[in-house]
Amino acid sequence: PENIPLSLAQQRMWFLNRFDTASAAYNVPVAVRLSGALDEDALRSAIADVVARHEILRTIYPQTEQGPVQVILPPAQAVPELEVRTVTADEVVGAVVELTSTSFDVTVEVPIKVALFKIEGETPAPAPVESEAAAHAAAYTFDFADIAPTGQFQIVDPDAAAPAEYVLALVIHHISGDGSSVAPLTRDLMTAYAARSLGQEPGWSPLAVQYADYSIWQRELLGDENDADSLAAKQVAYWQQALAGLPDQLDLPADRPRPAVQSFAGGKIDIRIDAELHSGLVDLARAEGATLFMVVHTALAVLLARLSGSGDIAIGTPMAGRGEAVLDDLIGMFVNTLVFRTEVDGGEPFNALLARQRETDIQAYANADVPFERLVEVLNPARSTARHPLFQVGLSFQNLTRSTLELPGLSVSGLDVDTELSQFDLHLIVSDLYGDDGAADGITGILTYATDIFDRETVVGFADRFVALLREIVSAPRTVVGEIEILAAAERTEILDRRNDTAHQVDSTATLASMLTATVAAKPTAIALIGPDGETLTYAELGARVNGLARHLISIGVGPEARVALALRRSVDLVVAMYAVSVAGGAYVPVDPDQPAERTGYILETAAPVCVLTNAAAEFSTEVAPLVRMDQLAPAAKLGPITDADRVAPLRPDHTAYVIFTSGSTGRPKGVALPHAAIANQLQWKSAEFELGPDDAVLLKTAATFDLSVWEFWSAAVTGGRLVIAAADGHRDPAYLNELMARERVTTLHVVPSMLDALLTAGDGVMNDALRRVLAIGEALPAAVAQRFRALNRQSRLFNLYGPTEAAVSITSHQVTDADKGSVSIGAPEWNSRVYVLDARLNPVPDGVSGELYLAGTQLARGYFARPDLTADRFVANPFAVGERMYRTGDLVAWSDNGELEYRGRTDFQ
Numbered sequence: 001p002e003n004i005p006l007s008l009a010q011q012r013m014w015f016l017n018r019f020d021t022a023s024a025a026y027n028v029p030v031a032v033r034l035s036g037a038l039d040e041d042a043l044r045s046a047i048a049d050v051v052a053r054h055e056i057l058r059t060i061y062p063q064t065e066q067g068p069v070q071v072i073l074p075p076a077q078a079v080p081e082l083e084v085r086t087v088t089a090d091e092v093v094g095a096v097v098e099l100t101s102t103s104f105d106v107t108v109e110v111p112i113k114v115a116l117f118k119i120e121g122e123t124p125a126p127a128p129v130e131s132e133a134a135a136h137a138a139a140y141t142f143d144f145a146d147i148a149p150t151g152q153f154q155i156v157d158p159d160a161a162a163p164a165e166y167v168l169a170l171v172i173h174h175i176s177g178d179g180s181s182v183a184p185l186t187r188d189l190m191t192a193y194a195a196r197s198l199g200q201e202p203g204w205s206p207l208a209v210q211y212a213d214y215s216i217w218q219r220e221l222l223g224d225e226n227d228a229d230s231l232a233a234k235q236v237a238y239w240q241q242a243l244a245g246l247p248d249q250l251d252l253p254a255d256r257p258r259p260a261v262q263s264f265a266g267g268k269i270d271i272r273i274d275a276e277l278h279s280g281l282v283d284l285a286r287a288e289g290a291t292l293f294m295v296v297h298t299a300l301a302v303l304l305a306r307l308s309g310s311g312d313i314a315i316g317t318p319m320a321g322r323g324e325a326v327l328d329d330l331i332g333m334f335v336n337t338l339v340f341r342t343e344v345d346g347g348e349p350f351n352a353l354l355a356r357q358r359e360t361d362i363q364a365y366a367n368a369d370v371p372f373e374r375l376v377e378v379l380n381p382a383r384s385t386a387r388h389p390l391f392q393v394g395l396s397f398q399n400l401t402r403s404t405l406e407l408p409g410l411s412v413s414g415l416d417v418d419t420e421l422s423q424f425d426l427h428l429i430v431s432d433l434y435g436d437d438g439a440a441d442g443i444t445g446i447l448t449y450a451t452d453i454f455d456r457e458t459v460v461g462f463a464d465r466f467v468a469l470l471r472e473i474v475s476a477p478r479t480v481v482g483e484i485e486i487l488a489a490a491e492r493t494e495i496l497d498r499r500n501d502t503a504h505q506v507d508s509t510a511t512l513a514s515m516l517t518a519t520v521a522a523k524p525t526a527i528a529l530i531g532p533d534g535e536t537l538t539y540a541e542l543g544a545r546v547n548g549l550a551r552h553l554i555s556i557g558v559g560p561e562a563r564v565a566l567a568l569r570r571s572v573d574l575v576v577a578m579y580a581v582s583v584a585g586g587a588y589v590p591v592d593p594d595q596p597a598e599r600t601g602y603i604l605e606t607a608a609p610v611c612v613l614t615n616a617a618a619e620f621s622t623e624v625a626p627l628v629r630m631d632q633l634a635p636a637a638k639l640g641p642i643t644d645a646d647r648v649a650p651l652r653p654d655h656t657a658y659v660i661f662t663s664g665s666t667g668r669p670k671g672v673a674l675p676h677a678a679i680a681n682q683l684q685w686k687s688a689e690f691e692l693g694p695d696d697a698v699l700l701k702t703a704a705t706f707d708l709s710v711w712e713f714w715s716a717a718v719t720g721g722r723l724v725i726a727a728a729d730g731h732r733d734p735a736y737l738n739e740l741m742a743r744e745r746v747t748t749l750h751v752v753p754s755m756l757d758a759l760l761t762a763g764d765g766v767m768n769d770a771l772r773r774v775l776a777i778g779e780a781l782p783a784a785v786a787q788r789f790r791a792l793n794r795q796s797r798l799f800n801l802y803g804p805t806e807a808a809v810s811i812t813s814h815q816v817t818d819a820d821k822g823s824v825s826i827g828a829p830e831w832n833s834r835v836y837v838l839d840a841r842l843n844p845v846p847d848g849v850s851g852e853l854y855l856a857g858t859q860l861a862r863g864y865f866a867r868p869d870l871t872a873d874r875f876v877a878n879p880f881a882v883g884e885r886m887y888r889t890g891d892l893v894a895w896s897d898n899g900e901l902e903y904r905g906r907t908d909f910q
């Protein structure tokens, strides 16, 4: 026709070229090394012969009112100029990369470029001679198994002058050729050169068809999608069902966040599967009625599932697309891409998964005529310039037919050139090799990767795990896929044992009561606290008030495991009440007097406290438990220290210290009961880690119903420092808090990141110059907030800590540094604490892989008060320590290779 349509595959290439004409991501490179007497005129004529033979090499794709069309130019107007340049041996690879990285505007340019590089000053090393016959052959045997030729036979005369060395490099845009086009392109070029070097025209037979014929035929074959009986309509319907609900993106453990625009910058590593493993894979395929490709593909899907935590895996695989014999010798864009979807069930044996995948793959092959580009249009996934649509991992299984060519007077070999490009996040490209007897001889290839997001070491790790996984599958194909070991023994030891080697000697007899009593005895004249109205108490005065109230509580039955509710707004009374409950041996249960009565009533009914401590300022009333008004109590007759002899029963570290009710995801409050041993371990670690002492001042501004307040209430009390109490509603005013901290020379601030951001905003980024340490917890700490603080507060260190209410405030810690630009780590486990990053089957995951965080060790809560069902669900047996428990957090994290944790968000677990 007058307007020749583009094939459907060409349409996408055309669009991508118009979107970014400078990109080399869709260039197809060819590089051949030539040694000997080269006839440059014959080479130029050969190039012209090939361009004349293949119309696609002299086609441009201008835009018209009807859309882009193919315009085939006369041969004389389309022969590319042969650039000839002299380079050194060190420069040749760079020169080839420069050519193959060239850009095309396919609307006006013929998409092929050719260059000949003459290498100066190089003497080639003799190549291996593989047989006597080959050594005496007058011609060279050329192997077209891949883009770059392999194998070389060369006779070297030590007395002869060194032959000239050349590299012939070609690059065509993907709109005009694909990987399978390289063989006919190079073969025809060498055939034409052989003829022209003898003064003859190439004697090849005319091509039966041209690419333009194919593009017209393809549209006729597929038919109109609006016709329900057409091939296109049937296959599109299949893919709409097969790929329904496919995730937009596969998130693998990456070294950097994905950039907003995919650059296609890439690297590659070599892959090698030995003959023994190859043979085992072939035997497995035969036993299961599958192909080798299906086994490798299913294994790759299992690895991706284990590395991503997703059970829905999409892998793209190119198909040659040359279903008719007349297309075999044609250059052109025939390749199509199939999307193979694998739903990986961690509890399914590999051989069962392979059987399912076999049927899926067969159906995909049966519906392979609709071009990938059309599927993208029809399925319309969420578009992004940051990633490839529908899949981000490719698998190419190359078993191209090998052909040979003899060239007189020239030795030809392949040149391995890394174009430093990768179209996908990962692309596994492999070829299976066989001996003359048909026996498996190994699988070789490369794994390309996007350098935007992966480092080489990370991808080497992927490859090592893949080969190890293949060995596991061959040795035990009925193994449940979720139990296939993907960790090396040393790696498993590092993750489970070395990173959790946190054992530290602490005072195992310590309780909150004993630690406070010790401070009162050691620092009687030191200022213990400063109230919102300026009231100050020394430790001796504080101890007297605490002990007096404690004796009253003991007199009404408060002792170990008895609860006392605290219905008080932030004040000196609240501090005294909390300390008194602990000294009496009881467990304090904070409630907010300003919370809805329904919530408070539920907490009191569940906790069943002996009494509720309150005062007139709280204006609190309830009929659930008796009230004790602190402002109406008569002064105690005896104010001295309280010992076990005074208590209802001896106080031990395993007794409950406090019960804090948290609403959780359902909104119904649940009480978390923490023992003295847990918080005592935390406070001893905290005092040592942050060098807290009597010269420190700690700000109290957090509601007692939030476990962060435990730090604020108790840090000064156990180290002899000062507690500065903010006004009851002071936490709502960042400017007031900044002023209070400056006036009272606060050295230690405990804060959630959103509050830190507010304090920085109120103070123009500057905190008081007495501040020495800021401990952030309770929310993800944005890197921008962290670096904003550090920029103008160099006198203070900033720490990011993690810990749920179920684990005594914090259980991991990290000091923020200049390196925390993109995200901030939550750190490594603290004293006597252990952390595990596990998959859905409680297997430890490798570094960089997201998994659910489980906690273990001294600081775990006893469980949920009066909720044995919920306790059993969240506090589970520790498979890595007999007789111990671990807590399932529901948080997603990943290990960094430095042994610290990166927070990744929440799981779907409720």
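For what it's worth, the working numbering labels the leading residue of the sequence shown as 1, then goes sequentially.
We treat Cβ as the ideally placed atom computed from N, Cα and C, and that holds for glycine.
Just so you know, these numbers come straight off a predicted model, no measurement behind them.
Measure the alpha-carbon distance for T493 versus N17 and round it to whole angstroms.
Between T493 and N17, the C-alpha separation is close to 50 Å.
Considering only residues of the same chain and omitting the five flanking positions on each side of F690, which have a CB-CB separation below 6 Å?
For F690, where only same-chain residues beyond five positions count, the Cβ hits under 6 Å are R773.
Which value, in whole angstroms, describes the spacing of the CA atoms of N3 and P62?
Taking the straight line from one Cα to the other gives about 11 Å.
Which of the three DSSP states is assigned to Y193 in this structure?
Here Y193 sits in helix by DSSP.
Does any residue of chain C have a CB that is nearer than 8 Å to the CB of R471?
Among the chains of the structure shown, chain C does not appear; only one protein chain is present.
Are L512 and I679 closer than 8 Å when you measure CB to CB?
Yes, the pair counts as a contact, with Cβ atoms nearer than the cut-off.
Beta-carbon separation of A275 and A440 under 8 Å?
Yes, Cβ-Cβ distance for A275 and A440 is below 8 Å.
Would you please state the rounded distance, in angstroms, between the beta carbons of A562 and G586? I believe it to be under 8 Å.
Indeed they touch by this definition, with Cβ atoms about 5 Å apart.
Where does E225 fall in DSSP's three states?
Residue state, collapsed to three classes: coil.
Quick one: what's got a C-beta closer than 8 Å to S103's C-beta in the same chain, skipping five residues either side?
Hits under 8 Å: T21, A22, S23, A24.
Which same chain residues end up closer than 7 Å to E472 when comparing Cβ atoms and leaving out the 5 residues on each side of it in sequence?
If we look at E472 and ignore the five residues flanking it on each side, its Cβ neighbours are T479, I484, E485.
What does W895 pair with, by DSSP beta-bridge criteria?
L901.
On a CA-only basis, which of R668, F880, D696, A540 is nearest L639? Give me that one, please.
Closest by alpha carbon: A540.
Taking all protein chains shown into account, do 16 or more other C-beta atoms lie within 10 angstroms of the C-beta of I47, making it buried, or fewer, making it exposed?
Under this definition I47 is a buried residue.
Just confirm the distance between the C-beta atoms of G822 and N800, as a whole number of angstroms; I'd bet it's less than 8 Å.
With 8 Å as the limit, G822 and N800 do not qualify as a contact, their Cβ atoms being about 14 Å apart.
The alpha helix (DSSP H) spanning R258 covers which residue range?
Premise fails: R258 is in no alpha helix (DSSP H) and is neither H nor E.
Taking the continuous beta strand (DSSP E) assigned at D312, which residues delimit it?
Looking at the DSSP string, the run of the beta strand (DSSP E) that includes D312 is 312-319.
Suppose you measure from the CA of P532 to the CA of L723; what does that come to, to the nearest Å?
Cα to Cα, P532 sits roughly 11 Å from L723.
In whole angstroms, what separates the C-alpha of A776 from that of N681?
Using only the alpha carbons, I get a separation of about 19 Å.
Could you tell me how far apart the beta carbons of F117 and V167 are, in whole angstroms, since I believe they sit closer than 8 Å?
With a Cβ gap of about 5 Å, F117 and V167 count as contacting.
Kindly list the residues whose CB is nearer than 7 Å to the CB of E457, restricted to its own chain and excluding five residues on each side of it in sequence; keep chain order.
None.
In terms of DSSP beta bridges, what is Q815 paired with?
Answer is F799.
Please classify A382 as buried or exposed, where buried requires at least 16 neighbouring CB atoms within 10 angstroms.
A382 is exposed by the Cβ-count criterion.
Can you tell which of A76, C611, R790, F620 has its C-alpha closest to the C-alpha of P596?
When each option's Cα is compared against that of P596, the closest is F620.
With a threshold of 6 Å on Cβ separation, who are the neighbours of G848 within its own chain once the five nearest residues in sequence on each side are excluded?
Result list for G848: P253, A894, in chain order.
Beta-carbon within less than 7 Å of D644's beta-carbon, same chain only, minus the 5 sequence neighbours each way: which residues are those?
The answer, listed in chain order, is P650, L651.
Taking the alpha carbon of Q262 as the point to measure from, which residue in S384, D227, A355 has its own alpha carbon closest?
Looking at the Cα atoms, S384 is the closest of the given residues.
How about the region 341-350 and the region 220-235: do they share at least three Cβ pairs that are nearer than 8 Å?
Contact between the region 341-350 and the region 220-235 is absent, because fewer than three Cβ pairs lie under 8 Å.
Under 8 Å between the Cβ atoms of I119 and V28?
No; because the gap between Cβ atoms is not below 8 Å, this pair is not in contact.
Mind checking which residues open and close the beta strand (DSSP E) that includes G851?
Taken as a continuous stretch (DSSP letters only), the beta strand (DSSP E) holding G851 covers 851-857.
If you follow the beta strand (DSSP E) that E83 is part of, which residue opens it and which one closes it?
Note, E83: beta strand (DSSP E), 82-88.
Closest by CA to D945, which one among G763, V809, D224?
The question about residue 945 has no answer here: the residues shown for the chain are numbered 1 through 910.
Return the chain-ordered list of same chain residues with a C-beta closer than 6 Å to the C-beta of Y211, the five sequence neighbours on each side being excluded.
Excluding residues within five positions, the ones whose Cβ falls inside 6 Å are I56, G332.
Please report the residue range of the beta strand (DSSP E) in which R722 lies.
Taken as a continuous stretch (DSSP letters only), the beta strand (DSSP E) holding R722 covers 722-725.
When you compare the CB positions of N336 and A364, do they come within less than 8 Å of one another, or not?
Not a contact, by the Cβ cut-off of 8 Å.
Which class does H750 belong to by DSSP, given the choice of helix, strand or coil?
Strand.
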